[in-house]
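J.:
Number of protein chains: 2
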Amino acid sequence: MEHMNPIDIFKALSNETRLQILIWLKEPEVHFGTQTSADCKDVGVCVSLFHQRLQLTQSTVSEYLAILQRAGLVTATRIGKWTYYKRNEDMLRKVAHYLEDEL
Amino acid sequence: MEHMNPIDIFKALSNETRLQILIWLKEPEVHFGTQTSADCKDVGVCVSLFHQRLQLTQSTVSEYLAILQRAGLVTATRIGKWTYYKRNEDMLRKVAHYLEDEL
DNA sequence: ATCTAATATCGATATGTCCCGATATGTCAA
DNA sequence: TTGACATATCGGGACATATCGATATTAGAT
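These protein sequences, in sequence, are chains D and L. Residue numbering for the first sequence follows my numbering, starting at 218 and increasing by one per position. Residue numbering for the second sequence follows my numbering, starting at 218 and increasing by one per position.
#1: Does chain L have any CB closer than 7 Å to the CB of S265 (chain D)?
#2: When the distance is taken between beta carbons, is L239 (chain L) closer than 7 Å to L316 (chain D)?
#3: Within 10 angstroms of the Cβ of V247 (chain L), are there 16 or more other Cβ atoms? Answer buried if so, exposed if not.
#4: Since L242 (chain L) contacts R310 (chain L) with CB under 8 Å, what's their CB separation in whole angstroms?
#5: Within the 7 Å Cβ cut-off, does V247 (chain L) reach chain D?
#6: Select from L:T300, L:T292, L:H314 and L:Y281 the residue whose C-alpha is nearest the C-alpha of N232 (chain L).
#7: Using DSSP with H/G/I as helix, E/B as strand and the rest coil, what is T234 (chain L)?
#8: Which residues bound the beta strand (DSSP E) around K303 (chain L)?
#9: Between which two residues does the alpha helix (DSSP H) holding A283 (chain L) run?
#10: Applying the 10 Å Cβ sphere with the 16-neighbour rule, what's the burial state of S254 (chain L)?
#11: Quick one: grab the DSSP three-state call for A255 (chain L).
#12: Please work out which residues of its chain come closer than 6 Å, Cβ to Cβ, to T294 (chain D), disregarding the five sequence neighbours upstream and downstream, and give them in chain order.
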C-alpha cells in the first residue's frame, strides 16, 4: 500500500464527474447492475459502463479514471478486454483521517 | 453558517501553501507567537505574518487567504488596519464528515 | 489633510486542467 | 492473421489557476 499525496488527492476530488464516479462506486451493483461479464462487487466496474452514464467521451472517462487511480483512490484490474475499477477504501480512510488529524 | 461546496473546498485544498496555512492556523500561538496587537487565538492571524513566513508576494498570500475564505475554510475579521484570519472549525468538521459519509 | 502601513485588487504571463477527436495498443474470436 | 471491440494515449483549443509587479483602498497617526 503506497503513501498518500494530499495534493494529488484533492486535485482528483476537485471535479464533479470524478466525485460522481467515486460515489457511484460505493454501490456498483445499484448503479451498474447490468454488468454481466463479471461481478462488479468484486472486480469493479468497466470503463464503458461509466461512459454510458456520463455525457463525456470515452477518452475523457478513461483519463478521469486514470487520475483517480494515480491518486490512489481507485484500483484497476484488467480482465480480458476490460479494465475494472473499484474504490480503494483503504486510501479513502486515510484521506478521512488526514482531514481529521492533520488538517 | 453557509452550506459547503465540495468542489471549491477541494480546489482550495489542492495547493501546498494553502494546506500549510490551514495547518499553521491549528496552533497560531505556536507559529505566530510574535503577534502582539491582538490575541491570535481569538481573532486569528494577520496577512503580513503569513507573508513573512512564505516566500510569496503579499498579493499572492492575500489571494490565497481569499480562496480559503470563499471556500468557507477560514473566516476573516478586520480590526483597524489588519485583517485576521482563523480556521472555520465548523466547516472543517463538515468536510471530514463529507469524506466519511458521502464519499 | 497628509503620510504611511496593511490589505485588496488589477493586469499580465506561464502553467495546468477540461474535454475533445484521432490514433495507438491490447485482447479475444473467426 | 484479420477483424472487432475495450481501453489508453496523443495533440490541441478553451478556459482556469499560480504568481508576480503595480496600483488602489482602507485606516490609523501626525
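Backbone N, C-alpha and C define an ideal beta-carbon position, used for all residues, glycine too. Values in this document were obtained by computation on a predicted structure and should not be read as measured data.
T.: Reading from the atomic positions:
#1: no
#2: no
#3: exposed
#4: With 8 Å as the limit, L242 (chain L) and R310 (chain L) do not qualify as a contact, their Cβ atoms being about 15 Å apart.
#5: no
#6: L:Y281
#7: helix
#8: W299 to R304
#9: Q275 to R287
#10: Reliability fails at S254 (chain L), whose pLDDT of 45 lies under 50, so the model's placement of it is uncertain and no value is given.
#11: Interpretation of A255 (chain L) is limited by its pLDDT of 48, a score under 50 that renders its predicted location unreliable; no figure is taken from the coordinates.
#12: V260 and Y301
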